[in-house]
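Here UniProt numbering is used: the first residue of the sequence shown is 1, the next is one more, and so on.
In this text, a Cβ means the ideal position worked out from N, Cα and C, and glycines have one as well.
Predicted, not measured: the structure shown is a model, and the values here were computed from it.
Some notes on the structure that comes next.
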Amino acid sequence: MSRSTRAPSITDVARLAGVSVPTVSRVITGSVPVSQERTDRVLAAIRELGYRPNGAARALVTGRQSVIAVLASNTTRYGYATTLQGIEEAARLAGFIVMITVIETDEPGAVQAAVDLALSHPVAGVVVLKFDPPGAAALHRLPEALPVVAASGGRGDGVPHAVLDDTAGATAATEYLLGLGHRTVHYVAVPTSGRRAGRATGWKRALTRAGVDVPPVLDAGWEPERAYEIGRELGGRDDVTAVLCGNDELAMGLMRGLHEAGRRVPADISVVGFDGHPMGRFWTPALTTVEQDFADLGRRSFALLGELLGTGHTAKTSSSAARLVVRESSGPPPVAG
């Protein structure tokens, strides 16, 4: 018996998922909210059948482009790469092509060049990864008439945001360390997209609420090498017993520096990272971290953009909570001898 070569249709997807054809269309385009249970059934049916929406045909019918642009300052760091993966996955299921443009720096000329390049092709809309100053700068240079969504750790800027609540995550991590008996918590920071930086805000909020000293922020940029140097410096101080890092890569560099300074983690100094890098559980010691679902952030970013494209309006924010994952790198402070 010969195998059928007929490509699966949207009707086949609807039949397998047990929903109507319009419901499948809404899931694909993100134009109207659909319950999570129905969305999961539709996505499972799409994967099982190998259904692929025809973006070119849809563009002819609707008059809408099937390409979206994504602006980001980086494509390789864990949070950036995984967010991009989520955007691409959701866009592909909806029949869109994703075009990524890298913003080299936050220097005005570089930002404008990236925006110009992204818009040099007809696009349906734009997602900006507003994780840092280049992303924040690019957001303000996009035409107001263009559908735009930001993915970030905080709200603002008057455009729809898909948000990771890193303020609450940093607060929880700091309160956890204080609860272990540490007198204060030092913070090794990543670059931020503004003064309302969520992780620094959450860290400071927890210390202020507890009525303890707020140490100066230790800026490491994005470089584990700088965090390594900070680790060697902090390793020479007796007043440091707990450190929160702005991401897990910085935590890795910091722990190496502490080790070379002769300090043990967590016996002498506790270390907590941020983001939930999948390699964190394999480090020695396994890293306590604030886990964030970046792939989901990407999917929610595209869903917001889909709502804008379908109806012309959308909810201003789509937020998800972070989760503290306790492993081996944190514990009570050393007992004074």
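Residue i: first and last residue of the uninterrupted beta strand (DSSP E) it sits in
i, result
"Asp-275", "270-275"
"Gly-125", "125-129"
"Ala-7", "Note, Ala-7: premise wrong, no beta strand (DSSP E); not H, not E."
Limits of the unbroken alpha helix (DSSP H) element including residue i
i, result
"Met-252", "248-260"
"Asp-213", "Neither: Asp-213 is in no alpha helix (DSSP H) and is coded neither H nor E."
"Leu-117", "108-118"
"Val-42", "36-49"
"Glu-291", "Premise fails: Glu-291 lies in the beta strand (DSSP E), 288-291, not in any alpha helix (DSSP H)."
"Thr-83", "78-93"
"Pro-191", "Run containing Pro-191: none; DSSP gives neither H nor E here."
Collapsed DSSP secondary structure at residue i in the structure displayed
i, result
"Ile-103", "coil"
"Asp-165", "strand"
"Arg-196", "For Arg-196, the pLDDT reaches just 47, beneath the cut-off of 50, and the residue's location in the model is therefore unreliable, although a value from the coordinates is still provided. In this structure, Arg-196 counts as coil in the three-state DSSP scheme."
"Val-19", "coil"
"Val-149", "strand"
"Ala-59", "Below a pLDDT of 50, predicted positions are generally treated as unreliable, and Ala-59, at 48, falls in that range; no measurement from the model is reported."
"Glu-144", "coil"
"Ser-301", "helix"
"Leu-71", "strand"
"Val-265", "coil"
Among the options, nearest to residue i - alpha-carbon criterion
i, options, result
"Ile-230", "Val-271, Gly-202, Ala-124, Gly-179", "Val-271"
"Val-290", "Val-98, Asp-275, Thr-284", "Asp-275"
"Pro-278", "Tyr-78, Asp-12, Ala-206", "Tyr-78"
"Leu-309", "Trp-283, Ala-145, Leu-180", "Ala-145"
"Gly-109", "Glu-88, Ser-120, Arg-141, Gln-85", "Arg-141"
"Glu-225", "Glu-249, Ala-200, Pro-8", "Glu-249"
"Val-326", "Ala-173, Pro-134, Ala-137, Gly-86", "Ala-173"
"Val-127", "Gly-331, Tyr-176, Ala-162", "Ala-162"
"Tyr-228", "Ala-90, Arg-47, Cys-245, Leu-305", "Cys-245"
Contact under 8 Å by Cβ, residue i with residue j
i, j, result
"Leu-164", "Ala-303", "no"
"Val-19", "Leu-43", "no"
"Val-102", "Ala-114", "yes"
"Val-185", "Ala-242", "yes"
Per DSSP, the bridge partner or partners of residue i
i, result
"His-186", "Val-243"
"Gly-319", "The displayed chain sequence assigns Ser, not Gly, to residue 319. Paired residues: Val-163."
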